[in-house]
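Chemist: FYI, the numbering for the sequence shown is -23 to -1, 1 to 258, going by mature numbering (1 follows the signal peptide of the UniProt record, and there is no 0). Here a beta-carbon is modelled for each residue, glycine too, at the ideal position from N, C-alpha and C. Below you will find the structure I want to go over with you.
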Amino acid sequence: MFRSFALLAAAALTAGACTPVQARPLIDVAVIDRDNGDWLPNWSWRGQQWIAGTPGHRYTVRLTNNTGERVLVVLSVDGINAVSGQTASPAQSGYVLDAWQSTEINGWRKSLDDVAQFVFTDLGDSYAARTGRPANVGVIGAAVFQERQRYRPVYPTPSPYPYPPYARNENGAAKAEGRAAGNAAPAAPAERARESVAADTAAQAQTIGTGHGAREWSPVSQTEFVRASRSPAQVVELRYDDYATLVARGVVPRYPDRAYRPDTPRAFPEGFVADPPPRRW
């Protein structure tokens, strides 16, 4: 039995029911730019989902429970648990969402009453970089657990892989990769050098991260949650960087809004009804 104390997310909203329940993931994760109100669109690229953040803008992570039961969401931002500040692991604390609940997580949890706002900022100013953990800057992730139901018999069976491959230890190395490395032949020096150069290049390619912004009131309460399994039932990852960088990488098409040029007919060209011209008598 895997018992933990988690945070009960506050603001609850009712989710829509357009998609059959069995076809939905347990939760949906969206990112909203708080400074302009835009829901940031996702782009699929090389098997990953990407969003474009604007440096200096605050953002919120919107979590929506698509099930009729409570779920626990361990939220990771730049490889750091957004509740505890630890290097993220699925075994850590998170937010509990009630059935069909939606809530917005606005920042790093500082207490049961407030958070430090999530804000897109330069890589060097990110909370991860400032705390000496820049290796996973540029990713927002969620590990989702279902709740153990008392009326369901549970026969715990130890798993040889308690965490999925993405789980990171305190040194930033993947645990699953660490186990495999013990049985693998050591890499040749030239290969290690190439891997090091590739890792450095990948790290330099990231341009923005998530900063530790201003404090704001965001109350939550504590609740008890017994996980139905040791491993998460769903894992979500959203990669992010600034728009220009994503265009340069090829993640975003160079002309994504060509269909919305001013000379293209639009169904709703204006926001409100304009006054008519004056009458001519």
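#1: Just to confirm my understanding: we take Ser61, look at its own chain, exclude 5 residues before and 5 after, and list those with CB closer than 8 Å. What are they?
#2: Determine the direct distance from the alpha carbon of Leu(-17) to that of Asp5, and round the result to whole angstroms.
#3: By the 10 Å Cβ neighbour count, where 16 or more other Cβ atoms means buried, how is Gly190 classified, buried or exposed?
#4: Hey, Val73 and Thr200: beta-carbon distance below 8 Å or not?
#5: Say whether the segment 101 to 108 touches the segment 46 to 63, bearing in mind that this needs 3 or more beta-carbon pairs closer than 8 Å, one atom from each stretch.
#6: Residues in its own chain within less than 6 Å of residue 259 by CB, not counting five upstream and five downstream?
#7: My assumption, with CB atoms under 8 Å, is that Ala(-15) sits in contact with Gln78. Please give the rounded CB distance.
#8: For Trp194, tell me which candidate among Ala119, Glu81, Leu100 and Ala7 has the shortest Cα-Cα distance.
#9: Using CA coordinates, which residue listed in Gly14, Asn13, Asp10 and Leu40 is at the minimum distance from Glu214?
#10: Is the beta carbon of Gly188 closer than 8 Å to that of Val96?
#11: Have a look at the DSSP bridge pairing and note the partners of Asp219.
#12: From Pro209, Arg256 and Arg216, pick the residue whose C-alpha is nearest to that of Val50; which is it?
#13: Considering only residues of the same chain and omitting the five flanking positions on each side of Gly186, which have a CB-CB separation below 7 Å?
#14: Helix, strand or coil for Val8 per DSSP?
#15: Look at Val228 and Trp20 and say whether their C-beta atoms are less than 8 Å apart.
#16: By a C-beta neighbour count over all protein chains shown, 10 Å radius and 16 as the cutoff for buried, is Ser198 buried or exposed?
#17: Taking the Cβ atom as the reference point for each residue, do Val92 and Leu3 lie within a distance shorter than 8 Å?
#18: Apply the 10 Å Cβ neighbour rule to Pro18 and answer buried if 16 or more other Cβ atoms are within range, or exposed otherwise.
#19: Gly84 to Gln94, Cα distance in whole Å?
#20: Just to confirm, are Leu52 and Ala7 a CB contact at a threshold of 8 Å?
#21: Can you give the Cα-Cα distance for Gly45 and Phe202, rounded to whole angstroms?
#22: Just tell me which of Trp22, Arg257, Ile9 and Gly14 has its CA closest to the CA of Pro230.
#23: Where DSSP assigns a beta bridge to Val48, which residues make up the other side?
#24: Starting from Arg256, trace the beta strand (DSSP E) both ways and give me its first and last residue.
#25: Let me check one thing: in DSSP terms, what residues is Val116 bridge-paired to?
Modeler: In this structure, then:
#1: Gln69, Ser70 and Arg86
#2: 18 Å
#3: buried
#4: yes
#5: yes
#6: For the chain, the structure presents residues -23 to 258; residue 259 sits outside this window and is missing.
#7: 7 Å
#8: Glu81
#9: Leu40
#10: yes
#11: Gly30
#12: Pro209
#13: Asp55, Thr98, Leu100, Ser103, Ala105, Ala106, Val114 and Gly115
#14: strand
#15: yes
#16: exposed
#17: no
#18: exposed
#19: 4 Å
#20: no
#21: 16 Å
#22: Trp22
#23: Leu74 and Gln123
#24: First-last for Arg256: undefined, no H or E at that position.
#25: Arg216
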